[in-house]
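**Q**
There are 6 protein chains.
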Amino acid sequence: MSFNHFDASGNAIMVDVSQKTPTMRTAVAGAVLTLKPETVQSIVSGKMAKGDVLGVARLAGIAGAKKTPDLIPLSHPLAIHHVAIEFEVDEAKGTIGVMATVRAFERTGVEMEAMTAATVAALTVYDMCKGTDKGIVISDVKLHYKEGGKSGVFKRED
Amino acid sequence: MSFNHFDASGNAIMVDVSQKTPTMRTAVAGAVLTLKPETVQSIVSGKMAKGDVLGVARLAGIAGAKKTPDLIPLSHPLAIHHVAIEFEVDEAKGTIGVMATVRAFERTGVEMEAMTAATVAALTVYDMCKGTDKGIVISDVKLHYKEGGKSGVFKRED
Amino acid sequence: MSFNHFDASGNAIMVDVSQKTPTMRTAVAGAVLTLKPETVQSIVSGKMAKGDVLGVARLAGIAGAKKTPDLIPLSHPLAIHHVAIEFEVDEAKGTIGVMATVRAFERTGVEMEAMTAATVAALTVYDMCKGTDKGIVISDVKLHYKEGGKSGVFKRED
Amino acid sequence: MSFNHFDASGNAIMVDVSQKTPTMRTAVAGAVLTLKPETVQSIVSGKMAKGDVLGVARLAGIAGAKKTPDLIPLSHPLAIHHVAIEFEVDEAKGTIGVMATVRAFERTGVEMEAMTAATVAALTVYDMCKGTDKGIVISDVKLHYKEGGKSGVFKRED
Amino acid sequence: MSFNHFDASGNAIMVDVSQKTPTMRTAVAGAVLTLKPETVQSIVSGKMAKGDVLGVARLAGIAGAKKTPDLIPLSHPLAIHHVAIEFEVDEAKGTIGVMATVRAFERTGVEMEAMTAATVAALTVYDMCKGTDKGIVISDVKLHYKEGGKSGVFKRED
Amino acid sequence: MSFNHFDASGNAIMVDVSQKTPTMRTAVAGAVLTLKPETVQSIVSGKMAKGDVLGVARLAGIAGAKKTPDLIPLSHPLAIHHVAIEFEVDEAKGTIGVMATVRAFERTGVEMEAMTAATVAALTVYDMCKGTDKGIVISDVKLHYKEGGKSGVFKRED
Numbered sequence: 003m004s005f006n007h008f009d010a011s012g013n014a015i016m017v018d019v020s021q022k023t024p025t026m027r028t029a030v031a032g033a034v035l036t037l038k039p040e041t042v043q044s045i046v047s048g049k050m051a052k053g054d055v056l057g058v059a060r061l062a063g064i065a066g067a068k069k070t071p072d073l074i075p076l077s078h079p080l081a082i083h084h085v086a087i088e089f090e091v092d093e094a095k096g097t098i099g100v101m102a103t104v105r106a107f108e109r110t111g112v113e114m115e116a117m118t119a120a121t122v123a124a125l126t127v128y129d130m131c132k133g134t135d136k137g138i139v140i141s142d143v144k145l146h147y148k149e150g151g152k153s154g155v156f157k158r159e160d
Numbered sequence: 003m004s005f006n007h008f009d010a011s012g013n014a015i016m017v018d019v020s021q022k023t024p025t026m027r028t029a030v031a032g033a034v035l036t037l038k039p040e041t042v043q044s045i046v047s048g049k050m051a052k053g054d055v056l057g058v059a060r061l062a063g064i065a066g067a068k069k070t071p072d073l074i075p076l077s078h079p080l081a082i083h084h085v086a087i088e089f090e091v092d093e094a095k096g097t098i099g100v101m102a103t104v105r106a107f108e109r110t111g112v113e114m115e116a117m118t119a120a121t122v123a124a125l126t127v128y129d130m131c132k133g134t135d136k137g138i139v140i141s142d143v144k145l146h147y148k149e150g151g152k153s154g155v156f157k158r159e160d
Numbered sequence: 003m004s005f006n007h008f009d010a011s012g013n014a015i016m017v018d019v020s021q022k023t024p025t026m027r028t029a030v031a032g033a034v035l036t037l038k039p040e041t042v043q044s045i046v047s048g049k050m051a052k053g054d055v056l057g058v059a060r061l062a063g064i065a066g067a068k069k070t071p072d073l074i075p076l077s078h079p080l081a082i083h084h085v086a087i088e089f090e091v092d093e094a095k096g097t098i099g100v101m102a103t104v105r106a107f108e109r110t111g112v113e114m115e116a117m118t119a120a121t122v123a124a125l126t127v128y129d130m131c132k133g134t135d136k137g138i139v140i141s142d143v144k145l146h147y148k149e150g151g152k153s154g155v156f157k158r159e160d
Numbered sequence: 003m004s005f006n007h008f009d010a011s012g013n014a015i016m017v018d019v020s021q022k023t024p025t026m027r028t029a030v031a032g033a034v035l036t037l038k039p040e041t042v043q044s045i046v047s048g049k050m051a052k053g054d055v056l057g058v059a060r061l062a063g064i065a066g067a068k069k070t071p072d073l074i075p076l077s078h079p080l081a082i083h084h085v086a087i088e089f090e091v092d093e094a095k096g097t098i099g100v101m102a103t104v105r106a107f108e109r110t111g112v113e114m115e116a117m118t119a120a121t122v123a124a125l126t127v128y129d130m131c132k133g134t135d136k137g138i139v140i141s142d143v144k145l146h147y148k149e150g151g152k153s154g155v156f157k158r159e160d
Numbered sequence: 003m004s005f006n007h008f009d010a011s012g013n014a015i016m017v018d019v020s021q022k023t024p025t026m027r028t029a030v031a032g033a034v035l036t037l038k039p040e041t042v043q044s045i046v047s048g049k050m051a052k053g054d055v056l057g058v059a060r061l062a063g064i065a066g067a068k069k070t071p072d073l074i075p076l077s078h079p080l081a082i083h084h085v086a087i088e089f090e091v092d093e094a095k096g097t098i099g100v101m102a103t104v105r106a107f108e109r110t111g112v113e114m115e116a117m118t119a120a121t122v123a124a125l126t127v128y129d130m131c132k133g134t135d136k137g138i139v140i141s142d143v144k145l146h147y148k149e150g151g152k153s154g155v156f157k158r159e160d
Numbered sequence: 003m004s005f006n007h008f009d010a011s012g013n014a015i016m017v018d019v020s021q022k023t024p025t026m027r028t029a030v031a032g033a034v035l036t037l038k039p040e041t042v043q044s045i046v047s048g049k050m051a052k053g054d055v056l057g058v059a060r061l062a063g064i065a066g067a068k069k070t071p072d073l074i075p076l077s078h079p080l081a082i083h084h085v086a087i088e089f090e091v092d093e094a095k096g097t098i099g100v101m102a103t104v105r106a107f108e109r110t111g112v113e114m115e116a117m118t119a120a121t122v123a124a125l126t127v128y129d130m131c132k133g134t135d136k137g138i139v140i141s142d143v144k145l146h147y148k149e150g151g152k153s154g155v156f157k158r159e160d
């Protein structure tokens, strides 16, 4: 197996996509935060009075998608056309699911933009809750869906 | 429970740390990548000939720590003094552990810098392997250790 | 009235422009600085000997236009093709008008790029003059002209 | 009158503040948006259902304060310790006042950080409302208060 | 002779390229580091055990190419499609040649991206070796090749 | 010889400077551009009418110094206190010398900030002149002076 981010001599490159035809690309990536149930309850119930934790995290995720070329060394700068971030809160289990969708008409996929958006949103929730809940864990950071480009549709089953 | 990143009216703020005395701060945060075992083997065996995946990811993580104030909306810009990233590879299980250490003499902690460094390093491994292994999952993104500041030492047990 | 930067549930999004056809977009935005007349005179007369305040501000405005996606959370990253900034100095009234023109072939307008360019140029004039003139006011930050896209030409009358 | 951002030959410099002693610095700067009254009403009444325009603008302003050294060419990179942004809405007049407070223990003042925070917050409100209200004007961008450093307290009267 | 980055009045502008047709652009630029021969030997022989100096520099150069619009005030933001950096080490002479290739389908050339990539890679080698070799010199920073656009192919002979 | 930007296993790190005492640091670095003599004459004679090439380059260099932590992967983020850039033009030889001075009270030196400032200023001159003078070469990028820190004063003789 070889990695296409390295040339034949093993040197890192930004892969040449100049000969590829732009197509519409969509990627959906997710992350899950596990917090103390009371932290999740405070986030939900306090939205109005105490501060909108998920609103802040959503904006951070959208801005994070735009910063992907700065963060991922071999990624291409892409002109993304759409970013949306949704949260799914389970107060009983103490989990917050993050789902980020990114779309662009480009020569290469937007998986990294979606992965970065989901991760930065999750890290931002962590930042705002870490004062009272240091044990928070982020897991299940993964690609859920991908469309556009030669490799066709990818849809995660689990 | 309330969140200190919001004022009494629930408005987001960058918390005022101007009255705090700077102290030496250390934070250690981690992440775990689960890949196909053959992907991990290619990363390990191909380091020289095919490209140094972990070397690229390490640099991305170090650079990522410096970008924390850009990514996390309510975080303070900090002059970090040290970043190191270590990987622990388990070829049999198909996992790569990432551990990031950050240190600074500051008025507030460097947890977010360590969390961001670990996450960006893990996302960069994902980026380089996603061509052949779309099922990669990042999990266990969490704080392992924290020192300095009023709340004293935090050491995760699990 | 609803805002198109939020979805049906009121969540902030980067609006999906992927289905829009790129067209040539132009936007012109302005700002007005009101300073002490003697500050304006120093800017004009001192250009050569004491430093080119407006030259510095012009560059800051052009660079500012490129930073728009970093500053405005829900804006799209755009590949702008042209930025020009003109100043209109009225020594008697003690005012400096800033007018920024931005052009791009894109799926969405460049109003924010022009508004940001004009504003950053004005803030930079403020920065260089604040040592001796703390009372400076920036006003009339507004869109003057817009062309391209479905909504057609907008031309401000006042 | 001369400008301290230029040397004796009129060349732009980042002024040498290395010999100054750090002191606690505070700056308060403001901006005023004038919109159609119905736009202001939608912002206020729709906060929950249609999207939190001012919440987005507040975060943009806080992040904008951190980007000041990138935007203002001759400004010093400062480690700011606090940013808060308040809005004062007058539905009858159709105005939204923005007031930004910044604090840092530094060798030079934080006026530009406060001015930038107020301006970026105002531009972000503009961005979200421009679809239905192209005539919005931002005015009264000015310093209201400044404390710390040799020049002492500045308090604007008007 | 006049400079096209200034308008007829001598004001700096981002040149309007909106009427140009995008074409495939390639640029190759280089730089040469002259170090102590023993420093070069340490870089070559120590690659595995002591750290991969050129691997770090290569990544810095690729990331640097993406930062060109941030660094060069009047440059256009470009969506680059390919960056590769090669090193040519001469242990006897104590030199390391850097050669950067950049490609993009754009309205304007990618010379500045290639020049920036080569330079940032060379500066990064300097950074890692300056502890023991303060006399390092970077020279021969120049364009070697350029293709695409109206002016046709440029090929440097020396 | 070993490199202090790598740990004992050869892994890249941001060196730990947390135990070092901050001292006043100064660094002076230079670069030399060699252009066609007529290009240099146009730069000098056209300053007023055709555009201030060196004024633009000076600002780019100052801004470039602030971007050093973004460009040089293992560098520390530093709060620089002073940047100045001087040009020495030799019309007969067709050369422009760039000299950048940076100062900060920090735990580590500011050589990279000075080297980056000089280089970015030189690249910016190149950018503005490349339309008519593709053969421009940047050379002699080197450290001229360094003060502060344990290693004492470094003064280049050649």
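Chains as they are written, first to last, in my numbering: chain C, 3 to 160; chain L, 3 to 160; chain B, 3 to 160; chain F, 3 to 160; chain U, 3 to 160; chain X, 3 to 160.
Ideal placement from N, C-alpha and C gives every residue a C-beta, glycine not left out.
Evaluate the contact criterion for the stretch 15-24 of chain L versus the stretch 15-27 of chain B: three or more CB pairs, one atom per stretch, below 8 Å.
**A** no
**Q** If you drop the 5 nearest sequence neighbours on each side, which residues of the same chain put their C-beta closer than 8 Å to that of Cys131 of chain L?
**A** Position 129 of the second sequence, counted from the first residue, corresponds to residue 131 of chain L. Hits under 8 Å: Leu37, Thr41, Ile45, Val55 and Ile138.
**Q** Give me the Cβ distance between Ser77 of chain U and Met117 of chain U, rounded to the nearest whole Å; I'm assuming they're in contact under 8 Å.
**A** As a first step, residue 77 of chain U is located in the fifth sequence; it is residue number 75 there, counting from the start. As a first step, residue 117 of chain U is located in the fifth sequence; it is residue number 115 there, counting from the start. Actually they do not touch by this definition, with Cβ atoms about 10 Å apart.
**Q** Starting from the Cα of Leu61 of chain L, find the closest Cα among X:Val127, X:Arg109, X:Val17 and X:Asp129 and give me that residue.
**A** Here residue 61 of chain L is taken as the residue at index 59 of the second sequence, counted from 1. Ranking the options by Cα distance to Leu61 of chain L, first place goes to X:Val17.
**Q** According to DSSP, simplified to helix, strand and coil, what is Arg60 of chain U?
**A** Looking up residue 60 of chain U in the fifth sequence gives position 58. Correct three-state label for Arg60 of chain U: helix.
**Q** When the Cα atoms are used, what is the spatial distance from His83 of chain U to His83 of chain C?
**A** By one-based count along the fifth sequence, residue 83 of chain U stands at place 81. By one-based count along the first sequence, residue 83 of chain C stands at place 81. Straight-line Cα distance between these residues: approximately 18 Å.
**Q** Tell me the residue span of the beta strand (DSSP E) that contains Met101 of chain U.
**A** On the fifth sequence, residue 101 of chain U is found 99 positions in, with the first residue counted as 1. First-last of the beta strand (DSSP E) with Met101 of chain U: Thr97 to Glu108.
**Q** Taking one C-beta from the stretch 104-114 of chain C and one from the stretch 144-151 of chain C each time, how about it: are there three or more such pairs within less than 8 Å?
**A** With the cut-off at 8 Å, the stretch 104-114 of chain C and the stretch 144-151 of chain C touch.
**Q** Taking C-beta pairs closer than 7 Å, name the residues in chain C that Gly57 of chain F reaches, listed in chain order.
**A** Position 55 of the fourth sequence, counted from the first residue, corresponds to residue 57 of chain F. In chain order: Asp54 and Gly57.
**Q** Would a C-beta distance cut-off of 7 Å place Lys68 of chain B and Pro71 of chain U closer than the cut-off?
**A** In the third sequence, counting from the first residue as 1, residue 68 of chain B sits at position 66. In the fifth sequence, counting from the first residue as 1, residue 71 of chain U sits at position 69. Contact annotation: Lys68 of chain B and Pro71 of chain U have beta-carbon atoms nearer than 7 Å.
**Q** Using the DSSP secondary-structure output, state which residues sit across from Ala147 of chain L in a beta bridge.
**A** Against the second sequence, residue 147 of chain L aligns to sequence position 145. Looking at the sequence provided, one finds Tyr at residue 147 of chain L rather than Ala. In DSSP, Tyr147 of chain L forms a bridge with L:Val30 and L:Lys157.
**Q** So which residues on chain L does Ile74 of chain C lean against when the C-beta distance must stay under 8 Å?
**A** Working through the first sequence from its first residue, we reach residue 74 of chain C at position 72. Per Cβ cutoff of 8 Å: Ala62, Val122, Leu125, Thr126 and Asp129.
**Q** Quick check: Ala14 of chain C and Phe5 of chain C, are their CB atoms within less than 7 Å of each other?
**A** As a first step, residue 14 of chain C is located in the first sequence; it is residue number 12 there, counting from the start. As a first step, residue 5 of chain C is located in the first sequence; it is residue number 3 there, counting from the start. Going by C-beta atoms, Ala14 of chain C is not nearer than 7 Å to Phe5 of chain C.
**Q** Could you pull the start and end residues of the alpha helix (DSSP H) that Asp199 of chain C belongs to?
**A** Any property of residue 199 of chain C remains undetermined from this structure, which presents chain C solely from 3 to 160.
**Q** Restricting to Cα atoms, I'd like to know which of X:Gly133, X:Asp129, X:Val104 and X:Tyr128 is closest to Ala119 of chain X.
**A** Taking the first residue of the sixth sequence as position 1, residue 119 of chain X is located at position 117. The candidate whose alpha carbon is nearest that of Ala119 of chain X is X:Val104.
**Q** Within 7 Å (strictly less), CB to CB, does Ala14 of chain U reach chain B?
**A** Position 12 of the fifth sequence holds residue 14 of chain U. For Ala14 of chain U, the answer is yes, since a Cβ of chain B falls inside 7 Å of its Cβ.
**Q** Is Gly96 of chain U a contact residue of the ligand NAD, with contact defined as CB to any heavy atom under 6 Å?
**A** Looking for the ligand NAD in the displayed structure turns up nothing, as the structure carries no ligands at all.
**Q** At least one CB of chain C closer than 7 Å to the CB of Val46 of chain B: is that the case?
**A** Taking the first residue of the third sequence as 1, we reach residue 46 of chain B at position 44. No, Val46 of chain B does not count as interfacial toward chain C.
**Q** Tell me the rounded alpha-carbon separation between Val85 of chain X and Ala102 of chain X.
**A** Within the sixth sequence, residue 85 of chain X is the residue found at index 83, counting from 1. Within the sixth sequence, residue 102 of chain X is the residue found at index 100, counting from 1. Rounded to the nearest angstrom, the two C-alpha atoms are 7 Å apart.
**Q** In chain order, what residues of the same chain have a beta carbon less than 6 Å from the beta carbon of Pro79 of chain B, not counting five sequence neighbours either side?
**A** Your numbering for residue 79 of chain B matches position 77 in the third sequence. So the list reads Pro71, once near-sequence residues are dropped.
**Q** So for Ile82 of chain U, helix, strand or coil by DSSP?
**A** To locate residue 82 of chain U, count along the fifth sequence from 1; it is residue 80. Ile82 of chain U falls in the coil class under three-state DSSP.
**Q** State yes or no: is the C-beta of Val34 of chain X within less than 7 Å of the C-beta of Asp142 of chain X?
**A** Taking the sixth sequence and counting its residues from 1, one reaches residue 34 of chain X at position 32. Taking the sixth sequence and counting its residues from 1, one reaches residue 142 of chain X at position 140. Contact flag set, yes.
**Q** Please name the residues in the stretch 12-39 of chain U whose beta-carbon is closer than 8 Å to at least one beta-carbon of chain B, in chain order.
**A** Asn13, Ala14, Ile15, Met16, Val17, Asp18, Val19 and Ser20
**Q** Taking only the alpha-carbon atoms, compute the straight-line gap between Ile64 of chain F and Ile87 of chain F and give it to the nearest angstrom.
**A** Counting from one through the fourth sequence, the residue named residue 64 of chain F turns up at place 62. Counting from one through the fourth sequence, the residue named residue 87 of chain F turns up at place 85. So the two alpha carbons sit approximately 7 Å from each other.
**Q** So what does DSSP say about Ser11 of chain C, is it helix, strand or coil?
**A** Residue mapping note: residue 11 of chain C aligns to position 9 of the first sequence, counting from 1. Shown here, Ser11 of chain C sits in coil according to DSSP, grouped into three states, outside any helix or strand.
**Q** Expressed to the nearest angstrom, what Euclidean distance is found between the alpha-carbon atoms of Asp135 of chain C and Asp129 of chain C?
**A** Locating residue 135 of chain C in the first sequence gives position 133, counting from the first residue. Locating residue 129 of chain C in the first sequence gives position 127, counting from the first residue. Rounded to whole angstroms, Asp135 of chain C to Asp129 of chain C spans 10 Å at the Cα level.
**Q** Take the Cβ of Ala10 of chain L as the centre, count every other Cβ of all protein chains shown within 10 Å, and call the residue buried at 16 or more, exposed below.
**A** Residue mapping note: residue 10 of chain L aligns to position 8 of the second sequence, counting from 1. So Ala10 of chain L ends up on the exposed side.
**Q** Give the single residue among F:Asp160, F:Thr121, F:Glu93 and F:Lys157 whose Cα lies nearest to the Cα of Gly32 of chain F.
**A** Within the fourth sequence, residue 32 of chain F is the residue found at index 30, counting from 1. Gly32 of chain F has its Cα closest to that of F:Thr121, out of F:Asp160, F:Thr121, F:Glu93 and F:Lys157.
**Q** Run through DSSP, which three-state label would Glu115 of chain C get?
**A** In the first sequence, the residue the question calls residue 115 of chain C occupies position 113. Looking at Glu115 of chain C - three-state DSSP - the assignment turns out to be helix.
**Q** Using alpha carbons as the reference points, say which of B:Gly12, B:Ile140 and B:Leu145 lies closest to Gly53 of chain F.
**A** Residue mapping note: residue 53 of chain F aligns to position 51 of the fourth sequence, counting from 1. Measuring from the Cα of Gly53 of chain F, the nearest candidate turns out to be B:Gly12.
**Q** Taking the straight line between their C-alpha atoms, what separation do you get for Ala123 of chain U and Arg27 of chain B?
**A** The residue labelled residue 123 of chain U in the question sits at position 121 within the fifth sequence. The residue labelled residue 27 of chain B in the question sits at position 25 within the third sequence. One Cα belongs to Ala123 of chain U, the other to Arg27 of chain B, and the distance between them is close to 37 Å.
**Q** Hey, is His146 of chain B's beta-carbon within less than 7 Å of any beta-carbon in chain F?
**A** For this step, residue 146 of chain B is matched to residue 144 along the third sequence. It does not: the Cβ of His146 of chain B has no partner Cβ on chain F nearer than 7 Å.
**Q** Compare the C-beta of Ile140 of chain X against all C-beta atoms of chain U and say whether one is closer than 7 Å.
**A** Looking up residue 140 of chain X in the sixth sequence gives position 138. Ile140 of chain X counts as touching chain U.
**Q** Please identify, using Cβ separations under 8 Å, the residues of the stretch 75-98 of chain B that lie next to chain F, in order along the chain.
**A** Pro75, Leu76 and Ser77
**Q** So, Val127 of chain F versus Ala81 of chain F, is the Cβ gap smaller than 7 Å?
**A** Counting from one through the fourth sequence, the residue named residue 127 of chain F turns up at place 125. Counting from one through the fourth sequence, the residue named residue 81 of chain F turns up at place 79. Going by C-beta atoms, Val127 of chain F is not nearer than 7 Å to Ala81 of chain F.
**Q** Per DSSP, Gly17 of chain U forms a beta bridge with which residues?
**A** Here residue 17 of chain U refers to the residue found at position 15 of the fifth sequence. Checking the sequence, you will find Val at residue 17 of chain U rather than Gly. DSSP, once it has assigned bridges, lists no residue as partnering Val17 of chain U.
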